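Asker:
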Amino acid sequence: MKIKNILFLLLFVVAVQACKAQVNSTDKYTCTDKKSVKAFEEAKTLYGSHKDVEAVKMLNKAIKECPNFAEAYTMLAYIAMDKNDNDKAIEYFEKSLSLSSYFPQNYFQLGGIYYYTAKYEQASKAFAKLLSFPRLEPQMRTAAEYFKECADFSVDAVKNPKPFKPVNAGPSINSQYQEYFPTVTADNSVFYYTRNYTDQTNCSGSPGQEDFLFTTHDEKGQWKPSIPLREINSGCNEGAPTISANGQFMFFTACGDIDNKYGPNKEDGYGSCDIFYSDKIGGKWSKPINVGLPINTKNWETQPSFSSDGKTLYFVRGLIERGGKHKGDIYCATIGANGKFGDPVKLGPNINTEGSEESVFIHPDNMTLYFSSNGRVGLGELDIFMSKRQADGEWGPAVNLGYPINTNKSENSLLVDPSGNLAYFASNREGGFGGLDLYSFAVPEEFLPEKITYAKGLVYDSLTREPMKADFELVDLATGKTTLNSFSNNAGNFLLTIGANKNYMVNVSKPGYLFYSNKFRMKEEKTDFEHPFILNIPMLKLDTGKSIVLENVYFDTDSAVLRPESHPELDKLIQFLNTNPKVSIEISGHTDNTGDKKKNQILSEKRAKAVYQYILSKSDVEPTRMKYKGYGDKFPRRKNDTAQNKQLNRRTEYKVIGIAK
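The opening residue of the sequence shown carries number 2 in the working numbering; numbering runs sequentially from there.
Shown next, in the form of structure tokens:
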């Protein structure tokens, strides 16, 4: 399928070819009056010398002498196109075609103008007429078929509009300048975006200075007046920020000066625009650092979007094509075991086209990708599309978000907030504060991302109460796969995004401490984005006598057979033993007081033994470093007076019983 930016060039080429074909010899003119032909020939020379005003005078003279001069009207249409006077261009092409249908190229031009001015039904008719000619050039036929498909899609989209009521984000965010490329933290508490001060110049001397601003909520839940992000902003352009789910990392685009230096940081650049990152230390953003190879190249890399699992960076890589036009494709790069980004991979044909893709955004659900493209059937220039990750990990077919979310203009900078209910985008529609403003709208149900919630809280030493930095891992209990790696910051704060309809284990670890485990039973618990998990996590120092409940070890009722979802937790216990080879542990089983005490004692011992045997079968841990014991209902965590308390008392623990010197 051909695409719009190539077709723009084709429109121009066809126009020139058509003009040449229509004016090269007098025996093919629709007018035989010599004075008119002479005036037309002079107009052709003037047009070729870019003297459009004089050319128009000669064409009007030719038409006055010969009112049926189709070629003269055609050239007037081309001149009107050059001046972006679409109404005049339409008038002249229609007049020319009313005089002669000998020039099918005019239907192509007319259909293109109709299409890009949202006159979709007229565009469809023009391209249908063109396609009725039996001997069209193959390139033109392919292009006409594509544009007719776009026009027909647009007619249907306008007749079946999506629910769309954009609301201006207001003066706390928007200004007389241009605002675009929004991003927000995973708990929806801090909103960042780009502002272009169009009355200033940047470090390269070009007009327009791009900087970051941010805002937070007031006590009523409204955005406060925005503040410049001074730690990042420089005399050069910064734009398109993306924030990690825990709010600790920012990736963004910076375009250096003529020496490819990034503002005050003097980092060597790889191309015209590179991706940089900064991390939050002590509540302030650090000095930005160029991400470097293999992400940044001699091309331009821009518009990053960082996945909520902390593993993958999506971004746009642009190539400079003939005529200086940028062609963007969407890539992704994943952080490997060495903590560095691997080689970027270009996303497949369900995302990238022969056209240009921009404004990539991966939702915190890590399953829904939004992006803009001019290479697919749509309503005009850039349209916004959505794609869902499939079971095999590949991206599914791109779906156009429809009208009036998309129009005949360029739509981009889409952000869907973590709750999935509200989207932000940039638009220069009437009624704004000036230039591009940021607007919000309720996302139609068919374009919603997957539901997520989040967990946030504090990690601290159980004795000193001192906050601490620790590593987090979120594991899908059904598959045993790690879905998220994160950490708490130096102040002990953490934030994790959690997908709906799955059960997860969260593991928190730090050298010198016992690992902490908890669970998120998303299949059973009625938790949504408005009701997140708030966790305070006390970490126990590694010492004899300290014990931890293995929250994710499961048995069926009256059974000592480990259920498969227990394996990820026990694998973490194996990892702990391997990391601490001098530690010896006791594995203990506990029950509630329901039923016969002797049977409970036997069951608790069998369950402890099952854990012991699993560790031996899956590792090289020496048997002498472990023992197991059942305690029945001797040591309850809570009184056995409710079903919930009894469930807490049915548990498996590990206790440190020795640390070798």
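Each residue gets a CB set at the ideal place from its N, CA and C atoms; glycine is no exception.
In this text the structure is predicted, and so the values were computed from the model without any measurement.
Quick check on DSSP: helix, strand or coil for Y555?
Answerer: Against the sequence shown, residue 555 aligns to sequence position 554. Coil, per DSSP.
Asker: If I measure Cβ to Cβ from A661 and keep anything under 7 Å in the same chain, skipping five residues before and after, which residues do I get?
Answerer: Reading the sequence shown from its first residue, position 660 is the one you call residue 661. So the list reads K583, once near-sequence residues are dropped.
Asker: Going by Cα to Cα distance, which pick from F426, E587 and L47 is closest to Q179?
Answerer: Residue mapping note: residue 179 aligns to position 178 of the sequence shown, counting from 1. When each option's Cα is compared against that of Q179, the closest is F426.
Asker: Pick helix, strand or coil for H364, following the three-state DSSP scheme.
Answerer: Counting from 1 along the sequence shown, the entry for residue 364 is found at position 363. Correct three-state label for H364: coil.
Asker: Throw me the rounded Cβ distance for the E566 and A501 pair, which I believe falls under 8 Å.
Answerer: Looking up residue 566 in the sequence shown gives position 565. Looking up residue 501 in the sequence shown gives position 500. That pair is no contact at about 17 Å.
Asker: Give me the Cα-Cα distance between E358 and F148, rounded to the nearest whole angstrom.
Answerer: Locating residue 358 in the sequence shown gives position 357, counting from the first residue. Locating residue 148 in the sequence shown gives position 147, counting from the first residue. Distance between the alpha carbons of E358 and F148 is about 19 Å.
Asker: Between N266 and the rest of its own chain, which residues show a CB-CB distance below 7 Å, the 5 nearest in sequence each way excluded?
Answerer: Here residue 266 refers to the residue found at position 265 of the sequence shown. Note that N266 scores a pLDDT of 42, beneath 50, so its modelled location is shaky; the value from the coordinates is reported in the next line. Counting only Cβ-Cβ distances below 7 Å, and skipping sequence neighbours, we find K288 and P289.
Asker: With a CB to CB cut of under 6 Å and the five nearest residues on each side skipped, what residues in its chain are close to K647?
Answerer: Within the sequence shown, residue 647 is the residue found at index 646, counting from 1. Taken in chain order, the residues that qualify are D593 and N641.
Asker: Based on Cα-Cα distance, which residue from L541, L402 and F521 lies nearest to I535?
Answerer: To locate residue 535, count along the sequence shown from 1; it is residue 534. If we check each option's Cα against that of I535, F521 comes out closest.
Asker: Alpha carbon to alpha carbon, what distance is there between L111 and L668?
Answerer: Nothing can be reported for residue 668: it is not among the residues displayed for the chain, which extend from 2 to 662.
Asker: Use the C-beta contact count for N25: other C-beta atoms within 10 angstroms, 16 or more gives buried, fewer gives exposed.
Answerer: Mapped onto the sequence shown, residue 25 falls at position 24. Because the pLDDT at N25 is just 43, under 50, the model does not fix this residue reliably, and the value given afterwards should be weighed accordingly. Exposed, because fewer than 16 other Cβ atoms sit within 10 Å of the Cβ of N25.
Asker: Run through the DSSP bridge pairs and tell me what E42 is partnered with.
Answerer: By 1-based counting over the sequence shown, the position of residue 42 is 41. Per DSSP, none; premise fails for E42.
Asker: Is the separation between the beta-carbon of S441 and that of L464 shorter than 7 Å?
Answerer: Counted from its first residue, the sequence shown places residue 441 at position 440. Counted from its first residue, the sequence shown places residue 464 at position 463. No. Outside cutoff.
Asker: Within the stretch 94-133, note down every full beta strand (DSSP E) run reaching 3 residues or more, in order along the chain.
Answerer: Runs found: none.
Asker: Tell me whether Q210 sits in a helix, a strand or coil according to DSSP, three-state version.
Answerer: Residue mapping note: residue 210 aligns to position 209 of the sequence shown, counting from 1. In this structure, Q210 counts as strand in the three-state DSSP scheme.
Asker: With which residues is A255 paired in a DSSP beta bridge?
Answerer: Numbered from 1 along the sequence shown, position 254 holds the residue referred to as residue 255. Paired residues: E239 and D275.
Asker: Less than 7 Å between the beta carbons of E213 and I233, yes or no?
Answerer: Within the sequence shown, residue 213 is the residue found at index 212, counting from 1. Within the sequence shown, residue 233 is the residue found at index 232, counting from 1. Note on residue identity: the sequence assigns Phe, not Glu, to residue 213. Yes. Within cutoff.
Asker: Taking the alpha-carbon of N351 as reference, which of S518, L497, S373 and A127 has the nearest alpha-carbon?
Answerer: Position 350 of the sequence shown holds residue 351. Checking every option, the nearest Cα to that of N351 belongs to S373.
Asker: Return the CA-CA distance between L496 and D310, expressed in angstroms with no decimal places.
Answerer: Against the sequence shown, residue 496 aligns to sequence position 495. Against the sequence shown, residue 310 aligns to sequence position 309. Roughly 11 Å between the two C-alpha positions.
Asker: Whole angstroms are fine: how far does the CA of E570 sit from the CA of K503?
Answerer: Residue 503 sits at position 502 when you count from the first residue of the sequence shown. Residue 570 sits at position 569 when you count from the first residue of the sequence shown. Using only the alpha carbons, I get a separation of about 16 Å.
Asker: Can you name the start and end residues of the alpha helix (DSSP H) that R608 belongs to?
Answerer: Position 607 of the sequence shown, counted from the first residue, corresponds to residue 608. Note, R608: alpha helix (DSSP H), K598 to K619.
Asker: Work out the CA separation of L383 and K341 for me, nearest whole Å.
Answerer: As a first step, residue 341 is located in the sequence shown; it is residue number 340 there, counting from the start. As a first step, residue 383 is located in the sequence shown; it is residue number 382 there, counting from the start. In a straight line, the C-alpha of K341 is about 33 Å away from that of L383.
Asker: At what residues does the alpha helix (DSSP H) containing V57 begin and finish?
Answerer: In the sequence shown, the residue the question calls residue 57 occupies position 56. It spans D53 to E66 - the alpha helix (DSSP H) in which V57 sits, taken as one unbroken run.
Asker: From which residue to which residue does the beta strand (DSSP E) around H591 run?
Answerer: Position 590 of the sequence shown, counting from 1, holds the residue named residue 591. First-last of the beta strand (DSSP E) with H591: V584 to H591.
Asker: Restricting to Cα atoms, I'd like to know which of G376, K52, L348 and T217 is closest to I363.
Answerer: Here residue 363 refers to the residue found at position 362 of the sequence shown. It is L348 whose Cα lies nearest to the Cα of I363.
Asker: Can you pull the DSSP bridge partners for Q179?
Answerer: Locating residue 179 in the sequence shown gives position 178, counting from the first residue. Q179 is bridged to N197.
Asker: Note down the Cα distance separating N339 from I296, rounded to an integer number of angstroms.
Answerer: Numbered from 1 along the sequence shown, position 338 holds the residue referred to as residue 339. Numbered from 1 along the sequence shown, position 295 holds the residue referred to as residue 296. Distance between the alpha carbons of N339 and I296: 16 Å.
Asker: How would you write the range of the beta strand (DSSP E) that V509 sits in, first residue to last?
Answerer: The residue you call residue 509 lines up with position 508 of the sequence shown. That run of the beta strand (DSSP E) goes N504 to S510.
Asker: Whole beta strand (DSSP E) runs in the stretch 280-310 with 3 or more residues, listed along the chain?
Answerer: Whole beta strand (DSSP E) segments, 3+ residues: 301-307.
Asker: What separation, rounded to the nearest whole angstrom, lies between the Cα atoms of T33 and L77?
Answerer: Along the sequence shown, one-based indexing puts residue 33 at 32. Along the sequence shown, one-based indexing puts residue 77 at 76. Approximately 19 Å, taken between the alpha carbons.
Asker: How would you call K120, buried or exposed, if buried means at least 16 neighbouring beta carbons within 10 angstroms?
Answerer: The count along the sequence shown starts at 1 and reaches residue 120 at position 119. Classification for K120: buried.
Asker: Sorted by chain position, which residues of the same chain lie with C-beta nearer than 7 Å to N189's C-beta, five sequence neighbours on each side aside?
Answerer: The sequence position of residue 189 within the sequence shown is 188, counting from 1. The residues are D418, P419 and S420.
Asker: Excluding five sequence neighbours on each side, which residues of the same chain lie with their C-beta closer than 8 Å to the C-beta of H218?
Answerer: Start at 1 with the first residue of the sequence shown, and residue 218 comes out as number 217. Correct list, in chain order: S190, W224 and K225.
Asker: Report the residue from P637, K328 and K630 whose alpha carbon sits nearest the alpha carbon of E302.
Answerer: Residue numbering aside, residue 302 sits at position 301 when the sequence shown is read from its first letter. Minimum Cα distance to E302 is reached at K328.
Asker: Identify whether V159 lies in helix, strand or coil by the three-state DSSP scheme.
Answerer: As a working mapping, residue 159 is identified with position 158 in the sequence shown. Residue state, collapsed to three classes: helix.
Asker: Helix, strand or coil for T186, going by three-state DSSP, please let me know.
Answerer: Looking up residue 186 in the sequence shown gives position 185. T186 falls in the coil class under three-state DSSP.
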